Amino acid sequence: MSATEENRTTRIVREGEVTIDRHLEAIWKTRPGLRGVLSSVDHKRIGIRYIVTAFVFLIAGGVEALIMRLQLAHSDLKILSPEAYNQLFTMHGFTMIFLYAGPVLSGFSNYLWPLLLGSRDMAFPRLNALSYWIFLLAGIFLYASFPLGVSPDAGWFNYPPLSGKDYNPGPNIDFYLLGLIFLGISTTVGAANFLVSLLRTRAPGMSINRLPILVWGTLTASVGNLLAVPAVTLACVLLFADRQFGTHFFDVEAHGQPLLWQHLFWMFGHPWVYAIVLPALGIVSDALPTFCRRPLVGYTPVALATVSTMIVGFGVWLHHMFATGMPVLSLAFFSAASLVITIPSAVSTFAWIATIWTGKPVLTTPFLFLSSFIILFVIGGVSGVMTGAVPLDFQLTDTYFVVAHLHYVLIGINVFPVMGGIYYWFPKMTGRMMSERLGRWNFWTMFLGFNIGFFPMHIVGLMGMPRRIYTYAPGLGWDTINLITTLGSFAFAVGILLFLINLTVSLRRGIPAGANPWDGPTLEWSVPSPVPAYNFAVIPVVASRHPLWEERLESPERSSLSRGYLLNHGRETLATTVLDAEPDLILEMPGDSYGPLALALGLGVLFVGLILHSGPWAVIGILATALAILFWLWPQRRLGQIAEPHHV
Amino acid sequence: MSDRLRRCGCVLVPLLGVAACGHVPMGYLHTFGPAADPVTSLGWGFIAVCTLVILIIASLLLAATLRARAPQGALANVPIAQPGGGLRWIYIGTGVSTVALLGLVVWTMFTLAAIAQPPGPPAFTIEIRAHQWWWEARYIDDEPERTFVTANELHIPLGKPVQLRLIGDDVIHSFWIPALAGKTDVIPGQTNIAWIEGNTLGTYRGQCTEYCGAQHAHMTESVTVDSAADFKLWWSHQISAASSPAADSMRQGESVFLAHCAACHTVRGTGAGGIVGPDLTHIMSRHTLGAGTLPNDSEHLSAWITNAQAVKPGCRMPTLDLPRPDLDAVTAYVQTLH
Amino acid sequence: MCFVGPSSSHLRLAVAALCVGVATTLSACKPHADSTAQGASRALPADGSLAALPLGDLAGTAKLLAANDVVNPLAGNAGAIEEGHRLFIAMNCAGCHGYDAKGNMGPDLTDAYWRYGGTPSAIYNSIYEGRPQGMPAWGSALPAHDIWEIVAYLQTLGGAVAANEYHAGMQGDHGITSTADEAPGLLVKATAPSSPPQPP
Amino acid sequence: MRAASRLVDSNWPGLLRVAVMVIGLTTHIEAAENDSSAIANFAPNDPPGEWRSQARDFASTRYSPLNQITVDNVKRLRVAWTFSDGVAYGHEGAPLVVGSMMYVVAPFPDVAYALDLSKPGSPIKWTYAPDPAPLAVGKACCDAVIRGWAYARGKLIYNLLDDHTVAVDVQTGKEVWRTKMGNVENGETMTMSPFVVGDKVFVGNSGGELGKIGWLAALDVETGKELWRAYSTGPDDLVKIGADFKPYYGWMQGKDLGVTSWPADMWKTGGGAVWGWISFDPQLNLLYYGTANPSPRVPVQRPGLNFWTSSVFARNPDTGAAKWAYSFTPHDQWDYDGVNENVLLDLRIGGRQRKVLVQFNRNAYAYTIDRETGEVLVAAPFAYENWSSGFDMKSGRAVVRPDKEPKPNVKLEDVCPPDIGGKDWQPSAFSPKTGLLYAGIFNICMDLTDHRQSYIAGTPYDGMEITRQAGPGDHWGEFIAWDPVTGTKAWAIKEKSMTMSGALATAGDLVFYGTVDGWFRAVNDRTGQILWSQKLGSGINAAPMTYLGPDGRQYVAIYAGVGGAAMVAKAMPGFPPRGSTLYVFSLDGDSVATGLEMPQ
């Protein structure tokens, strides 16, 4: 991204029917074929790739879960050996939390931000592509351990000393550590990209009180990630050094502290679990009003609730460690903080219910997903409150009650809104509607399967079943409930299957959808579906939160959607000032580039070198990375990165 | 839409009932000691409040959805309602929630204060050292002579607090007897202090609740609350040494034991002094084998000695390739260690 | 965590232990100094319960029982090495040989000086049978798998001789190939010791 | 009175380095000279020219009345003759001279030699090979050594490593009797020097490191029959504690403390070996000896005061009944033992003459204890220590510093003194002329990691992983003069390497000692000035002795052959190889061998 001189005059295009602008399409279109695939920086392609890859990992994690549920369907089963079960539950946790939950929301945000903000692309298109490529390679890097039978087996939390060299000498844990460090790079660059895009690439007039709540959610998640991911990267580097180079950070014999890992991990862990739900809350706050035929109730309280949840989220990590023998005063402080964090969630919950109550809800499939999410969110929330109370957590922690809580929170707050989001934005992404009839079946099998599967976990948790056990003895009262959970899980899996069928069928035979099939209020519905490469023919000027509903809301402001900056002298988009989004600069955006893929591959070689303990490969990786960066940052005249010869 | 409320309601209520009334071995909604009872009432309070909140929100949501839903069909022809109104919901909803929450916070803090310290000075200390996949327990008395080591199954006197000193030896474990007290992690490099007390006679089961490797699932412990007299009897029996057997067949079993098992197990009174495995001096006074994996009867004892890996794969009890007569002899000898 | 299901290394382990065990019991019927490590089922000399020695002490002769080029099935297995190190301390080997295995009451196990042979099977036999100057016989107290784990740990300390370098080890070549060749015609082919069939 | 100390470079090129004289020093000597409060009873008053027992007398003074070699002429000391027994293990015993014969015993396999001093070159008159079990080498915790041998009624009596005590007729070299004292297969060995009183010889065992209970036994000199045996742990009858047992301090009074101060049954593998020195007071008719560390060395496994390990016992030699005992380090957590020599002196303390015993204990405290009652009169550190924060005279116990208590699997840094102590078993000497005790001590600290131990019979049962390094200042050893009345150092000579030899004080105002890197030195017993040094072939662990040869000439003899606890420093650069040579010195190297008569 680079800034040209400000005084270039901007041309205003005339009113009239919005058609595909051949000229702009030619400038912004990604090259066809494999070259385009490997070098594309179009935020829309990257967004869809993120979502598709995340769903592949969701299915992988789901299959792992189903196998585990078979092993736990009854007491003393021998379907899986302990080592196999331990590898499976670790991979299930790692995949779902790191390779599905975060990336799928990055996918939505990547796709929607420029469209919501009225811009032609993210602030750093190539960085965006890098973020995806590294995510893909990190996932492949981790799953390479699966066929070799050396997958990580110390849980997604990977506590030493069990994950140390003495008790886990194989490569299993090195796959975990290096995979997490590698993925951390993708998360960090993505977060930086979102932050700068929010500050500089908003359409003129879109002051910060006119941002869609999804933007607020992803912004908060990105700031949270920027601050939290370094903690887990540091922890992984320290443990890797302990395992390979004989340092003693966690080695008890040399005064190392196993709890150091837990603190570092959960300082990242809790902000991370908010980072993977806040964008989903944003999806609900943006999509639900469309089906209630009225703007969201309490925009400002919900926006502030989103931000305050993350802020308090940095001060509660100890509730994952209540039973480690902490002094009572710190237990009390963190318990109080963990209970108080639910108040912002209450604000959002009542805002959504008020929106439905005072609106005229239209019961489409996305509405079912988005409204049923509220009850799952509340169930997950209150069970979270129960674990937040310290003395009660002494009983609850590490039992299946916590497993129930985390599934209600993660599936309830992430998967259901994502499903609703896909039904809502599928027409915009592909130009076709998803089938409502199949959607209903999909919703009900998922909703009932989920509740039948995961609600009994609360009960078996209250009956004392510990987490992460590959089998259990008969006569403890756990058998029937585990069987119900297994059946529920398979029903939920059938629901996911129906969703995939609906997806593939609608891709070809879905009803063609126009620019605004749901009559939504925000900018993304003002462009054709599927969205042309250049997003907006003219950069719109925004005057309210609901540009497409201004007439019907009888609000005096009028956004101008068809009169704005044309910016068609090459790949250009508008940079606006931070607070009030006044036009500031015209940005020359970089085109398709192999730089991101090359850099990702370079880093990939480095990490493969590290896992194989082979010096030469690691050095080759470092050199390849350096070359890729050089190639990437080579100054291009088109982007104004080469000084013009001085006019005498 | 209405059937959604019915469905999740009908799933909720019966299961909760099962957990509550029938005392499930590992359940903690019905507890038997001052370290757990205050927490149980707190737990019931939370369950009540949470169930109430869920029902309120579900009914509000259902009502909101059904009340003014637009007919099916294109969304465009449904007029846009004006943006005003609805803020009251947020103020009232959040206000009520916050008040309820603060009440729960205060109750939580009182409960925490109630269980943080034992009511009185502890009768004695049990030093619990967690190993990969069994519990070593050492009863410490002021007179060192009454100090002895046992494994997996503890006994405590009725109505007296007992201090637990939890010392990690390899990886992190977590000691938990749901009926008597919350869990406390056992972390290498540090000593955690906890306490338990039983107000009702009986045996209470527990299980390791911090993932600790292959056999995390088979690492159970139990606490039996005895009357003061029974407890004194039990303690003095435990510190007595094993007498060398009279019968000739047992003597053969003892020599096989000393040849093949003494490097890992201790039987006080014989030359066997290994501490890699549990102390077997009074193994037959314990009800289970392999930290609760098998009941302690002759058939399971023979199966365990013959091939422990089949029962608890990955545990450190090796498969001794001994001829059958030796296995039977040593099994018979072990059964004399009451 | 050390062994999972019927993997290939598991098979090799069982066979190696079998052939060593068989060789040991064969030697049992040799009428010579009574050693508790001989047949596993022999009763111990009754010597008072307190003084009863779980580990018979007098060793067999220095004759190698197993083929000297048997490869340690667990060599290089990271899990086995960690478990072998734990056993080295738990079974009080560290008490005699030092916690760094550099020798204390017992000899240094990290150098290339082996009184009774430095190949994996020679070390296995020394542990299994015990040795005259005070090395107890562990054949009865430790199963074959655990002894192979201890041998795997000792092989990481740098002094062990590779399985196929038995002769070089005996000549003290320390891995160098001797350039001094014998006078032509005088070279007598070193008789390869009788070795039982190679394990799969 | 400030100690005069200076560093002596071990690679000192043979030039004498003159010590700095401190004016105050001389005045002290005069003071000590005239009212020398410290006197000793030199019973059994063997002939001045002979050396019939390791410490030369019952009171363990190692003081010789010979004064031909004096401060003035010691520079002329040269090697007169040498003798090598060809065995590489550590040499820790001192030769005995009876009449014109010298008796020495080599370490394992414990061959005894009689050398005829009257003939040139002191040829071997007879040798005696006892053939002990080779197994014993693998069971001896700290090198296959022998710490000495005794002469009694025409017999040379010593302990074999494989737990047999043998007596050899000094005339013929034939075995008179052999008594089996223990079962070497279980890890019990014997290295200590027998101690003879009248018709009884007293022996003790080693093997605490392998979980064996310590004991002291009395044998009849003529027949070798065992008369009684007193164990170091266990019920009172085993420990031979009867009605008249009166320890001074309350915490040592009670019934069956040898059992109740241990966890259930752990006294049976409790250690307390008796491998050190024995002293005897003929007036009080009491034997004094120490017991070693409790077993296992890991304290966490044996809560309780672990009686009677790391203690000193006073027993009646005829019945073995204990009169009193004192525990130097109850619940010993660092293997500090209590077996060091007890020098019996009569001192003026608190205005009245007291019968005391002085022990430089391995816990770095030098104790002056009333040998009639067991009351601790003086306890002061003679070397740098940080395991305790001072000595509580009222309770008679050192106050343990909690941060120096080892916990399993956690490395504890910088614990001083190390397991081998501020001074190990190397015996000190006393000179009545100065009233001072002379001892070679260590300046070593250790990093310690405890590992909880299984008891597997025949294998080590200690569990301490130790790395040792120099204490404050980078020297490893010191040779000191110690005033037992005030508990202060008179002077000290810093030595680069460990000073692990015994000491010898003579009427010639000289004190002899040796270092682990092989220096044999003679110093002025008043000023601590080094007057003569000679580098020997190997390190010195044994104690020097002096005798009058048949030619009427005074000789000084010292065994050189590094081993035993000195091997802790074997990684230090310049550590000497092992050796096996007995060096005998005389003025100008003259001896019977050269045929020159003594100049009148």
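Residue numbers (our numbering), protein chains in the order written: chain R, 2 to 649; chain D, 5 to 342; chain C, 2 to 201; chain B, 256 to 855. Don't be surprised by glycine CBs; every beta carbon is placed ideally from N, CA and C. Since the structure is predicted, the reported quantities are computational estimates derived from the model, not experimental observations.
- Secondary structure in the region 756–799 of chain B: the beta strand (DSSP E) runs of 3 residues or longer, each lying completely within the stretch, are 759–761, 765–769, 774–779 and 785–790 in chain order.
- Neighbours of T515 (chain B) in chain D, taken as residues at a C-beta separation under 8 Å, are given in chain order as E147, P148 and E149.
- With fewer than 16 other Cβ atoms from the protein chains shown falling within 10 Å of its own Cβ, Q121 (chain D) counts as exposed.
- In the three-state reduction of the DSSP assignment, E589 (chain R) falls in the strand class, which pools E and B.
- Against chain D, the beta carbon of I711 (chain B) has neighbours under 8 Å at A266, A267, G277 and G278, listed in chain order.
- For W731 (chain B), the three-state secondary structure derived from DSSP is coil.
- Within the region 233–247 of chain D, those residues whose Cβ lies closer than 9 Å to any Cβ of chain B are, in chain order, Q242, I243, S244 and A245.
- The straight-line gap separating the alpha-carbon atoms of Q809 (chain B) and P320 (chain B) is approximately 11 Å.
- For the set D:T335, D:T285, D:G37 and D:L79, the Cα lying nearest the Cα of R294 (chain R) is the one of D:L79.
- In the DSSP annotation of this structure, the continuous segment of the alpha helix (DSSP H) that includes Q263 (chain R) starts and ends at P259 to A276.
- In this structure N165 (chain C) is exposed. Its beta-carbon is surrounded by fewer than 16 other beta-carbon atoms within 10 angstroms.
- Identification of chain B residues near N126 (chain C) by a Cβ-Cβ cut-off of 7 Å yields none; the smallest Cβ-Cβ distance measures about 17 Å.
- For G99 (chain C), there are no C-beta contacts with chain R under 9 Å, since the nearest C-beta of that chain is about 17 Å from it.
- For the pair A528 (chain B) and N618 (chain B), the CB atoms are not nearer than the 9 Å cut-off.
- Sequence-distant Cβ neighbours of G606 (chain B) in its own chain, meaning closer than 6 Å and more than five residues away, do not exist here.
- In the structure shown, D174 (chain D) falls within a coil segment according to DSSP collapsed to helix, strand and coil.
- Counting the other CB atoms within 10 Å of its CB gives E555 (chain R) a total below 16, which places it among the exposed residues.
- When the beta-carbon positions are compared, M92 (chain C) and G135 (chain C) stay at least 9 Å from each other.
- Close partners of T704 (chain B) in chain R (Cβ separation under 9 Å): E254.
- Within the same chain, A335, W336, Y810 and A812 come within 6 Å of V839 (chain B) by CB-CB distance, once the 5 residues on both sides are set aside.
- Listed in chain order, the non-local C-beta contacts of L508 (chain R) below 8 Å within the same chain comprise T431 and R433, local neighbours out to five positions each way being set aside.
- The alpha helix (DSSP H) runs of length 4 or more contained entirely in the region 132–183 of chain R are, from start to end of the chain, 146–149.
- Taking C-beta atoms as the reference points, I82 (chain C) and A153 (chain C) count as a pair closer than 9 Å.
- For K659 (chain B), the closest Cβ of chain R is not nearer than 9 Å.
- Annotated as distal: I785 (chain B) and M755 (chain B), with beta-carbon spacing of 9 Å or more.
- For W550 (chain R), the secondary structure class from DSSP, reduced to helix, strand or coil, is helix.
- For F697 (chain B), the enclosing beta strand (DSSP E) stretches over residues L691 to F697.
- Using a Cβ-Cβ cut-off of 9 Å, G559 (chain B) is close to E147, P148, E149 and T151 of chain D, given in chain order.
- One Cα belongs to G90 (chain D), the other to A516 (chain R), and the distance between them is close to 30 Å.
- Taking 7 Å as the upper bound on Cβ-Cβ separation, chain D lies near residues A333, S336, A337, L340, T343, I344, A347 and V348 of the region 333–349 of chain R.
- With distances taken between CA atoms, M648 (chain B) lies nearest to B:A635 out of B:T488, B:A635, B:T478 and B:F500.
- Residue range G596 to I612 is occupied by the alpha helix (DSSP H) that includes G605 (chain R).
- Proximity of the region 67–87 of chain R to the region 187–198 of chain R falls short of the contact definition, fewer than three beta-carbon pairs being nearer than 8 Å.
- When rounded, the separation of the alpha-carbon atoms in F269 (chain R) and S132 (chain R) is 19 Å.
- At least 9 Å separates the CB of Y177 (chain R) from every CB of chain C.
- In its chain, beyond the 5 residues on either side, F152, T154 and H286 have a beta carbon closer than 7 Å to the beta carbon of Q242 (chain D).
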